[in-house]
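Residue numbers (my numbering): -5 to 432.
Below: the structure, in structure tokens.
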Ligand code: HAX
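Here's what the structure looks like:
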């Protein structure tokens, strides 16, 4: 008698053929308002989400509330003597669409400083986890563990008008955001720095305090500000943002919602790609006996990766069709601070050769790099070579955008999210009847 698992596999094989047939011959058949290709293919390009926090053009890239990356960096108040703006001012801007004055920015710095104390039980929980637990699992667990602090959950159970939902959401989101840098730094120092810690520095902004708690010299504070701002959001359709919004739509509080988003970010073709880039480059170094690869070596290595059925991490994108301007912004930082660093030279060499190889390979719709191709080298340069930590840094940044989004979701009373599913039988029926060709 076949086991359940064997029986399942017998079903999977012919079903795969049905799905492939639908995609090959009936991709453009319209069912209601979407095509069969969109229905099976991860809802690509379907406009069914609203966010004012950021927008994404396939050719231009990201805008934060209408401003390009360059404008965002230039126009928001800067930490005195630093190249990049206050993360707190960026939070103010994302929430309101108004560029804050220095006084308004500093009031958020002070407010966050008051909220930043992480409850001791969070550290205790982290300490009970096996030390080889992935840092993203630790990060997500720490966020979820704080759910008992939720003001939204308490007020909802006490009874609250829908028009008031945004207010405890705001409180929860500020509390959560203010604590994330300390949690991230704690995970790093506990896991990789023999349990040594630097207590939070009062009166420091998020970027400065994070660098301090990580034990990093300047200009890592600026690298942190830049990293957090660039990773904040990429319109709300990406996995981590959408997951956060989706879970929040059930009126789950921000702790449940962000933890879900962070779990999505931990996928290797989403946020974890930044660790994959460094793992992959190190593999190249290792294969070539520790040498910086020549262009020819690198080309062969890229082809080997593709021919073994793996993706080139840091390249391709579901929406973008050009080099990600976040990649360019990170590259500008490297050109200024680490122009002669070997690893940066390799990253640049990959940029020279990978797009034409991906074009020749013929699968990826976008052969250009995304931000993950460039972010890890900065942290590596500052001595954070434990690349499985990189996605946590992404997560601190991503929280800024997605928490701003879910405050607005509640303010505008967006309903619970509930797309409609169809069966493969139904799709085949649409295909047989021809649907409406797009
Ligand atoms: N290397 C090799 N193959 C690639 C590729 C890459 N970098 N990018 C896309 N492809 C392949 C896809 O796997 C897909 O193959 P199948 O038809 O066999 O499934 C095909 O090309 C078409 O894919 P696509 O339409 O161009 O891309 P998707 O929208 O399906 O996926 C991804 C977009 C970003 C997931 C994809 O480009 C990828 O896996 N890139 C490498 C991982 C990566 O860098 N991820 C980070 C993206 C940015 C981000 O979210 N950061 O958090």
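All residues carry an ideal CB built from backbone N, CA and C; glycine is no exception.
- Taken in chain order, the unbroken stretches of alpha helix (DSSP H) that lie wholly in the segment 327 to 404 and span 4 residues or more are 336 to 355, 366 to 375.
- Annotation note: the segment 152 to 188 contains the following uninterrupted alpha helix (DSSP H) runs of length 4 or greater, listed N- to C-terminal: 160 to 186.
- Beyond the five residues adjoining it in sequence on each side, residue 349 comes within less than 7 Å, by CB distance, of 361, 362 in the same chain, given in chain order.
- Around the beta-carbon of residue 384, 16 or more other beta-carbon atoms lie within 10 Å, marking it buried.
- Segment contact: the segment 418 to 431 against the segment 15 to 22, three or more CB-CB distances shorter than 8 Å; contact assigned.
- The closest heavy atom of the ligand HAX lies less than 8 Å from the beta carbon of residue 300.
- The alpha helix (DSSP H) runs lying completely inside the segment 10 to 73 and spanning 4 residues or more are 30 to 34, 63 to 69, given in chain order.
- In this structure, DSSP gives residue 245 a state outside helix and strand, which the three-state scheme calls coil.
- Beta-bridge partners assigned by DSSP to residue 79: 72.
- Measuring C-alpha to C-alpha distances from residue 194 to each of 314, 173, 293 identifies 173 as the nearest.
- Placement of the Cβ of residue 67 at a distance of 8 Å or more from every heavy atom of the ligand HAX is found.
- Residue 217 and residue 206 have their C-alpha atoms some 12 Å from each other.
- The segment 380 to 399 makes no contact with the segment 278 to 295, as fewer than three CB pairs between them are under 8 Å.
- Beta-bridge pairing by DSSP links residue 321 to no other residue.
- Per the DSSP secondary-structure output, residue 430 pairs in a beta bridge with 24.
- In this structure, the CA atom of residue 270 is about 16 Å from the CA atom of residue 302.
- For residue 19, the Cβ stays outside the 8 Å cut-off from all heavy atoms of the ligand HAX.
- By the neighbour-count criterion, in which 16 or more other beta carbons inside 10 Å mark a residue as buried, residue 168 falls on the buried side.
- Contact check for residue 66 and residue 223: beta-carbon distance about 7 Å, within the 8 Å limit, so the pair qualifies.
- When DSSP states are grouped into helix, strand and coil, residue 408 belongs to the coil group.
- In the three-state DSSP reduction, residue 86 falls in the helix class (H, G or I).
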